[in-house]
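Chemist: Numbering (the numbering used here), first residue to last: 44 to 338.
1) Please state whether DSSP places residue 198 in a helix, a strand or coil.
2) Following the continuous alpha helix (DSSP H) through residue 26, name the residue where it begins and the one where it ends.
3) Using the three-state DSSP reduction, which class does residue 230 fall into: helix, strand or coil?
4) Count the other CB atoms, across all protein chains shown, that sit within 10 Å of the CB of residue 115; report buried if there are 16 or more and exposed otherwise.
5) The beta strand (DSSP E) spanning residue 220 covers which residue range?
6) DSSP three-state label for residue 204, please.
7) Taking the C-alpha atoms as reference points, what is the distance between residue 255 and residue 167?
8) Beta strand (DSSP E) containing residue 262: first to last residue?
9) Could you give the distance in angstroms between the alpha-carbon of residue 244 and the alpha-carbon of residue 121?
10) Please classify residue 133: does DSSP put it in a helix, a strand, or coil?
11) In three-state DSSP terms, what is residue 329?
12) Around the C-beta of residue 275, are 16 or more other C-beta atoms found within 10 angstroms, so that it is buried, or is it exposed?
13) Locate the beta strand (DSSP E) running through residue 161, then write down its first and last residues.
14) Assign residue 183 to one of three DSSP states: helix, strand, or coil.
15) Over what stretch of residues does the beta strand (DSSP E) that includes residue 249 continue unbroken?
16) Is the beta carbon of residue 161 sitting closer than 7 Å to the one on residue 145?
17) Does the beta-carbon distance from residue 125 to residue 293 come in below 7 Å?
18) Can you find a C-beta in chain B that's less than 7 Å from the C-beta of residue 205?
19) I'd like to check one pair, residue 219 with residue 211: are the Cβ atoms closer than 7 Å?
20) Mark residue 222 as exposed unless 16 or more other C-beta atoms lie within 10 angstroms of its C-beta, in which case mark it buried.
21) CB residue 183 to CB residue 159, shorter than 7 Å?
22) State the Cα-Cα distance for the pair residue 164 and residue 134, rounded to the nearest angstrom.
23) Can you give me the C-alpha to C-alpha distance between residue 196 and residue 281, rounded to a whole angstrom?
24) Let me make sure I understand the geometry here. Which of 181, 231, 246, 191 has the alpha-carbon closest to that of residue 217?
25) Would you list the residues sitting across from residue 148 in a DSSP beta bridge?
26) Which class does residue 209 belong to by DSSP, given the choice of helix, strand or coil?
27) Using a 10 Å radius around the Cβ and a threshold of 16 neighbouring Cβ atoms, would you call residue 305 buried or exposed?
28) Where residue 198 and residue 191 are concerned, what is the direct C-alpha to C-alpha distance, given to the nearest angstrom?
29) Going by DSSP, what residues sit across from residue 175 in a beta bridge?
30) Nearest to residue 284 by CA position, among 181, 268, 141, 172, is which residue?
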């Protein structure tokens with residue numbers, strides 16, 4: 044019995060040793076499994092993050108705007124100007140400046156296709172009854188289309204607006220009257236006022252008109268000197284408005300009769316520009332101011 048008990052003790056000891064050995068083996072294997080799992084997990088996260096970043100980069104690239112096309116602008120309708128001293132017929136000049144038909148004086152310009160002007164003066168001497176004085180100036184300014192400044196018509200419209208406003212603010216002007224005109228190019232405005240000078244009372248008429256990308260400014264004044272009767276302002280206004288229509292027609296004819304929405308008579312009204320644009324790069328240096336005209 045004693046031997047049987049010893050055998051039982053040895054068997055139990057052997058089983059306990061076997062269980063301990065297995066426990067140690069498992070304990071030793073667990074960290075390795077955990078480390079392997081942890082490494083596998085990190086590798087998966089890294090790959091996932093890399094995939095997400097690639098997706099975001101691709102999406103960002105797809106939403107990035109492509110290079111915009113170069114801005115385009117409508118070509119200017121008129122490419123040249125007529126001879127400023129030939130925009131009025133001889134008969135018209137005889138009515139406007141009776142004694143000055145041959146007194147035409149062309150203004151200086153470094154680019155006649157963009158700026159031109161001409162002036163006439165008339166002095167009808169009536170002896171002891173005094174004299175009738177007339178002064179006429181026609182100025183033409185053409186604008187080219189430009190991707191930065193806009194279309195020629197837009198620039199011309201902006202200049203027309205400023206010009207029509209400027210002629211209303213002459214020093215010493217009295218009885219100023221502004222009249223919008225229809226049937227004269229795309230848009231036109233007539234400004235009239237009285238200007239008192241030492242020589243006499245001058246009746247000033249200025250008409251500003253736009254036809255496509257060209258602006259016409261016509262200055263016309265008259266005075267009775269040395270006791271002569273002051274001319275009628277209404278008569279001068281009608282003469283000036285008739286003359287500016289003829290000038291507008293000459294501008295259209297120089298660029299092709301009936302072309303670009305304007306008839307030879309100057310009565311057609313081309314469409315107005317879509318929006319005002321920036322100021323022209325070059326001023327109309329050849330335009331005579333009302334004060335100079337009156338002189």
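We put the beta carbon where it would ideally sit given N, CA and C, even for glycine.
Modeler: Result, derived from the coordinates:
1) helix
2) Look at the range of the chain in this structure, 44 to 338, and you will see that residue 26 is not part of it.
3) strand
4) exposed
5) 216 to 224
6) helix
7) 37 Å
8) 257 to 268
9) 39 Å
10) helix
11) Its pLDDT being 39, under 50, residue 329 is placed unreliably by the model, and the measurement read from it follows with that caveat. In the structure shown, residue 329 sits in coil (DSSP, three-state: anything other than H, G, I, E or B).
12) exposed
13) 158 to 168
14) strand
15) 243 to 254
16) no
17) yes
18) You won't find chain B in this structure, because it holds only one protein chain.
19) yes
20) exposed
21) yes
22) 15 Å
23) 27 Å
24) 246
25) 162
26) helix
27) The pLDDT assigned to residue 305 is 38, lower than 50, so where the model puts this residue is not dependable, and the model offers no usable value.
28) 11 Å
29) 167, 267
30) 181
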